[in-house]
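A.B. asks: Heads up: the protein sequence lines correspond to chains A and B, in order. For the first sequence, position 194 (counting from the first letter as 1) is numbered 194 according to this note's numbering, and the numbering increases by one without interruption. For the second sequence, position 31 (counting from the first letter as 1) is numbered 1031 according to this note's numbering, and the numbering increases by one without interruption.
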Amino acid sequence: MTVSVNDIRADLMRAHEQAWSALSQPGTWWSGAQRRELATTALMAVREAEPLPPWVGVSSVDGKISRSPVASHTAHDTVYRIARHAATLTSDWYERVIQEIDPLAFVELCGIVCTVATVVAFRTALDLQVPELAPAKIGEPSRKKPQNVVSATLNWVPVIAPADIDAAVVQAFTAVPETNRLIWAMADAQYIPDKEMVDPNWTRGTLSRVQMELIATRVSQQRECFY
Amino acid sequence: MLSWSGNEQGIEIDLLTVQAATGGVAVDFAHELVEFATAATEFDQTAMTKSREALIACAGLAVTIDAAAVIANFEMMTRLADSTGARMQTEVVADRLFIATAMGVDQVVSRR
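Pasting the structure below:
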């Protein structure tokens, strides 16, 4: 039996389409061309049968990225590493990256990787074609920095104040509100709506909560994610 | 979350069976769900096709699609957590250490 896109819930399709189309549009800290180019590198990273090892930067290998990229080599190397080797990341690595990439631009870059990883995983699991990225939309990033960005104890990245009240994953992207909105719209549709998280019996009528957690636990364990 | 939701529903969860990819105890379609999640995360197209078809056969199309959505969500959340240096409060880590140990993730690089 094959799965068709027509079988997918409308709310889930909408959340994916919204985040996917945003990959080619100007963001908060990256232009549409940069976002699309970085998304292309993330796509390569999650699909490669024989990935580069974590210590090799994708920009150092001939033919992997454009000879004249619109985003920096560091940005491409960072995207590839997060997309394929996220469990190997350390605070020292983060400190080196933010010498060259502003911390808020780094947050948006993480959001690009998360979007690519989740849409590709969903489509691949169901043997559905991954959609093409739209042509890059011309325009500058908004560079809108929220006023109340602060350091956090529970994350490397800065967050919106007050820090460390919510769980680390919940506050992680808050300093780039548009990235935060797109990612959590997908999480609500893919997993459990935020307001239902406290209910151990919540279900959409398909998977029970414990079945969802069983899958979540297995994926997290496979990805060696301590969190 | 798995232990908590299982306890709340009166279902005994053996985390070692999840780690070994043999499925949890007393959870409907546990084996098929874990097989599907494992194949999806191992880039094994043959295993993915086989496990997807097995899950559709026993649980139906809607369950399989929602299972793929949960897999996708945690491909996203693991990267979100690891790239932003997300960690739990020290006391929470201490409370949950036995779970991390049972799952074999107490020694991974991403522990913080």
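Ideal Cβ positions, reconstructed from N, Cα and C, are used throughout, including at glycine. Here the structure is a predicted model, which is why all the values come from computation and not from measurement.
1) Considering Cα atoms alone, identify which of A:Gly111, A:Val119, A:Tyr80 and A:Val149 is closest to Val5 (chain A).
2) Nearest to Cys114 (chain A) by CA position, among B:Thr1084, B:Gly1060, B:Ala1054 and B:Ala1039, is which residue?
3) Helix, strand or coil: which one does DSSP assign to Val198 (chain A)?
4) Taking the alpha helix (DSSP H) that Thr1064 (chain B) falls in, what are its first and last residues?
5) For Leu1061 (chain B), return the contacting residues in chain A, with the cut-off set at a CB-CB distance below 9 Å.
6) Give a yes or no on whether the minimum CB-CB distance between Met292 (chain A) and chain B is below 8 Å.
7) Of all the beta strand (DSSP E) runs that stay within the bounds of the region 8-42 of chain A, which reach a length of 3 or more residues?
8) Could you tell me which chain A residues have their CB closer than 8 Å to the CB of Asp1028 (chain B), listed as they occur along the chain?
9) Check each candidate in A:Phe106, A:Pro103 and A:Ile192 and name the one with the smallest Cα separation from Thr206 (chain A).
10) By the 8 Å beta-carbon criterion, what residues does the region 1072-1095 of chain B contribute toward chain A?
11) Whose Cβ in chain A lies nearer than 7 Å to the Cβ of Thr1038 (chain B)?
12) Is Asn1073 (chain B) buried or exposed, if buried means 16 or more other CB atoms sit within 10 Å of its CB?
13) Please classify Ser220 (chain A): is it buried, with 16 or more other beta-carbons within 10 angstroms of its beta-carbon, or exposed?
14) Taking the alpha-carbon positions, what's the Val1034 (chain B) to Asn155 (chain A) distance?
15) Identify the continuous alpha helix (DSSP H) that holds Trp184 (chain A) and give its terminal residues.
16) Verify the CB distance criterion: does Ala1054 (chain B) have a CB-CB separation below 8 Å to chain A?
17) What residues of chain B sit near Val176 (chain A), judged by a beta carbon separation below 8 Å?
18) Identify, in the order they occur along the chain, each residue of the same chain with its Cβ nearer than 8 Å to the Cβ of Val130 (chain A), setting aside the five sequence neighbours on each side.
19) So Ile101 (chain A) packs on Ala39 (chain A), CB below 8 Å; how close in whole Å?
20) Would you call Met13 (chain A) buried or exposed, if buried means 16 or more other Cβ atoms sit within 10 Å of its Cβ?
21) According to the Cβ coordinates, are Val58 (chain A) and Gln34 (chain A) closer than 8 Å?
22) Does the region 61-75 of chain A come into contact with the region 208-216 of chain A, if we say contact requires no fewer than three beta-carbon pairs (one atom in each stretch) closer than 8 Å?
23) Three or more C-beta pairs under 8 Å: does that hold for the region 1047-1059 of chain B against the region 75-95 of chain A?
24) With Glu1032 (chain B) and Ser1051 (chain B) assumed to form a contact (beta carbons below 8 Å), what rounded beta-carbon distance in angstroms separates them?
25) Suppose contacts are defined by Cβ-Cβ distances below 8 Å. Is Thr2 (chain A) in contact with Pro141 (chain A) by that definition?
26) Taking the Cβ atom as the reference point for each residue, do Val116 (chain A) and Val46 (chain A) lie within a distance shorter than 8 Å?
27) So that I know if they touch, is there some Cβ in chain B lying closer than 8 Å to that of Thr74 (chain A)?
28) Which of helix, strand or coil does DSSP assign to Ile215 (chain A)?
29) Which same chain residues end up closer than 8 Å to Ile183 (chain A) when comparing Cβ atoms and leaving out the 5 residues on each side of it in sequence?
30) Please state whether the Cβ-Cβ distance between Val79 (chain A) and Leu52 (chain A) is less than 8 Å.
31) For Ala1062 (chain B) and Asp7 (chain A), what's the separation of their Cα atoms in angstroms?
32) Quick check: the Cα distance between Pro181 (chain A) and Lys64 (chain A), rounded to an integer number of angstroms?
C.D. replies: In short:
1) A:Val119
2) B:Thr1084
3) coil
4) Leu1061 to Ser1083
5) Met1, Val3 and Asp7
6) In the structure as shown, chain A begins at 1 and stops at 227. Residue 292 (chain A) is therefore absent and cannot be evaluated.
7) none
8) Ser208 and Gln211
9) A:Ile192
10) Ala1072, Asn1073, Phe1074, Glu1075, Met1076, Met1077, Thr1078, Arg1079, Leu1080, Ala1081, Asp1082, Ser1083, Thr1084, Gly1085, Ala1086, Arg1087, Met1088 and Gln1089
11) Arg218 and Gln222
12) buried
13) buried
14) 30 Å
15) Pro177 to Gln190
16) no
17) Simply none; closest approach about 11 Å.
18) Leu43, Val119, Val120, Arg123 and Thr124
19) Contact flag wrong, Cβ pair sits at about 16 Å.
20) exposed
21) no
22) no
23) no
24) 7 Å
25) no
26) yes
27) no
28) helix
29) Ala19, Gly111, Cys114, Thr115 and Phe173
30) no
31) 8 Å
32) Reading off the sequence, residue 181 (chain A) comes out as Arg, not Pro. If you take the alpha carbons of Arg181 (chain A) and Lys64 (chain A), they lie about 31 Å apart.
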